[in-house]
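So the sequence shown is residues 2 to 119, counted in our numbering.
Note that the Cβ used here is the ideal one computed from N, Cα and C, for glycine as well.
Only a predicted model underlies this, so the values are computations on that prediction, with no experimental measurement involved.
See below for the structure under consideration.
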Amino acid sequence: MTVLNFYSERHKPVTVDVFVTEPFDFDHEYEQAMQGELAAGLTVRFVSIPTLSRKAVTRPEPGWETATWEGARRAQLQAALALSVRERLKALDGMWRLSQHLSSMPRPQRRAAPAHGR
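This is the structure in structure tokens:
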């Protein structure tokens, strides 16, 4: 389960988790999800706790074998090989969009090297 966690220093008790990849049937959960107003005019859907708990239990935490460069590379390859064709295409599309966004960002100006002896 890949999730981005957001929080605000102003509203510390409130956190928002955004799924990068969902380990469940998205369409089914979307239809079943509770809806609530997060802010004025902003309605969001919430994944149920049983769905999240069930997925958390079925996915073991990575072990020490991923603590090396080679282990991390192997884990990434295994995760990629486990993806369906649809998931691979979605991942490629996401990477392409990210690369387009990053390439459009302004590049920082290089600083001149300091002169020796000063």
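| query | Over what stretch of residues does the alpha helix (DSSP H) that includes Ala92 continue unbroken? | reply | Boundaries of the alpha helix (DSSP H) around Ala92: Val86 to Ser105.
Q.
Taking the beta strand (DSSP E) that Arg46 belongs to, which residues open and close that run?
A. It spans Leu43 to Phe47 - the beta strand (DSSP E) in which Arg46 sits, taken as one unbroken run.
Query raised in the report: Where does Val58 land, buried or exposed, given buried means 16+ other C-beta within 10 angstroms?
Result: Caution is warranted here: a pLDDT of 45 is assigned to Val58, below 50, making its placement in the model unreliable, and the coordinate value is therefore given only provisionally. Val58 sits exposed, since fewer than 16 C-beta atoms from the chains shown fall within 10 Å of its C-beta.
TODO: Return helix, strand or coil for Glu30, following the three-state DSSP convention.
DONE: It is helical.
Close-in-space but distant-in-sequence residues of the same chain around Val15 (CB under 8 Å, 5 per side omitted): Counting only Cβ-Cβ distances below 8 Å, and skipping sequence neighbours, we find Tyr8 and Ser9.
Q) Does the distance from the C-beta atom of Val19 to that of Leu39 stay below 9 Å? A) No, they are not a contact pair.
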